[in-house]
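Working notes, structure below.
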Ligand code: ADP
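Numbering (UniProt numbering), first residue to last: 211 to 476.
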């Protein structure tokens, strides 16, 4: 995208002399476009539960509250949609926070990886019970990494939660660790429903969710979990790869530099 400005324009006898400055504004334009898309997508996603809540509340007030079955059913829909709204608000907040995180606001310290992973797994106990999935923490106890433990905790939480939700009963989710010379890896693997090859890059786009007919029963979500993960991994100087096969499972491989310093490129 180019912006042009005429800085000099003069007629000399039968000729025109013109100086035009051309600016490459592609980057600014793309960022602005992305922000506009984000706001419009977010508004749409917020409207859907709000419309349901106000619609069902109105129907109740117009008389449906006198039918005990309808009262129960509509109240539980209102509760479900309200929870969706809270999750959406939390995720929107998280994504704007990770986006504005610069190097100064990262809190890098030595972090015991197995303990951090276990804390996040323990917080997911309700989902683990509900989906009847086993989560194994195979990170060796003595591993210490230099990172922002709050951001890495959120990364682990989102990936493990997805491994639990997009899985079958009695499925497995495994958290493991690997290292090479100057990098370390965190691997979150599941034997769940998997992601088709043509969807694998799209799942990192904001609000993108694999359509229900492909992933079986539609599991509720915001489509912001993986974009938050991708943004945080980038903030921590790392990169993320996804290997997945429909019906077999998914493997998210996160690679980070061993020694953290600003602007680390790996
Ligand atoms: P959400 O789970 O809230 O929809 P995410 O950004 O976390 O949002 O994930 C985007 C989509 O990617 C999900 O809707 C789901 O279709 C797919 N997905 C994410 N993780 C997995 C996984 N471990 N296995 C299968 N599909 C997944």
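No residue lacks a Cβ here, since even glycine has one placed at the ideal position from N, Cα and C.
- Between the alpha carbons of residue 238 and residue 213 lies a gap of roughly 11 Å.
- Within the segment 248-291, not a single complete beta strand (DSSP E) segment reaches 3 residues in length.
- The beta-bridge partner set that DSSP reports for residue 243 is empty.
- Counting only the Cα atoms, residue 261 lies some 29 Å from residue 439.
- For residue 251, same chain residues with a beta-carbon under 6 Å away, outside a window of 5 residues either side, are 417 in chain order.
- Counting only residues of its own chain and dropping the five nearest sequence neighbours on each side, residue 329 has a CB closer than 8 Å to the CB of 363.
- Around the CB of residue 341, 16 or more other CB atoms lie within 10 Å, so the residue is classed as buried.
- Spatial neighbours of residue 275 in its own chain (CB-CB distance under 6 Å, excluding positions within 5 residues in sequence) are listed in chain order as 281.
- A straight-line Cα-Cα distance of about 16 Å links residue 218 and residue 233.
- At a threshold of 7 Å, residue 460 counts as near the ligand ADP, since its beta carbon sits closer than that to one of the ligand's heavy atoms.
- The Cβ atoms of residue 323 and residue 349 sit closer than 8 Å to each other.
- In the structure shown, the three-state DSSP call for residue 417 is coil.
- Closer than 7 Å to some heavy atom of the ligand ADP: that does not describe the Cβ of residue 453.
- Taken in chain order, the whole beta strand (DSSP E) runs of length 3 or more contained in the segment 296-360 are 318-322, 344-347, 354-358.
- Within the chosen limit of 7 Å, the ligand ADP does not reach the beta carbon of residue 465 with any heavy atom.
- Here the segment 372-387 lies against the segment 398-411, with 3 or more beta-carbon pairs under 8 Å apart.
- Excluding sequence positions up to five before and after residue 259, its CB lies within less than 8 Å of the CB of 291, 292, 294, 295, 298, all in the same chain and listed in chain order.
- With a threshold of 7 Å, the Cβ atom of residue 278 does not count as near the ligand ADP, since no heavy atom of the ligand is closer than that.
- Secondary structure at residue 453: strand, using DSSP grouped into helix, strand and coil.
- The residue from 325, 419, 343 with its alpha-carbon nearest to that of residue 371 is 343.
- Contact annotation: residue 399 and residue 447 have beta-carbon atoms that are not nearer than 8 Å.
- Each of 445, 413, 429 was checked against the Cα of residue 437, and the nearest Cα belongs to 413.
- Closest option to residue 453, judged by alpha-carbon separation, among 310, 397, 302, 420: 397.
- Separation of residue 409 and residue 434 (C-alpha to C-alpha, rounded to the nearest whole angstrom) is 15 Å.
- Within the chosen limit of 7 Å, the ligand ADP does not reach the beta carbon of residue 293 with any heavy atom.
- Listed as beta-bridge partners of residue 396 by DSSP are 387, 464.
- Residue pairing by DSSP places residue 293 opposite no residue, since no beta bridge is assigned to it.
- One thing to note: residue 470 has its Cβ within 8 Å of the Cβ of residue 318.
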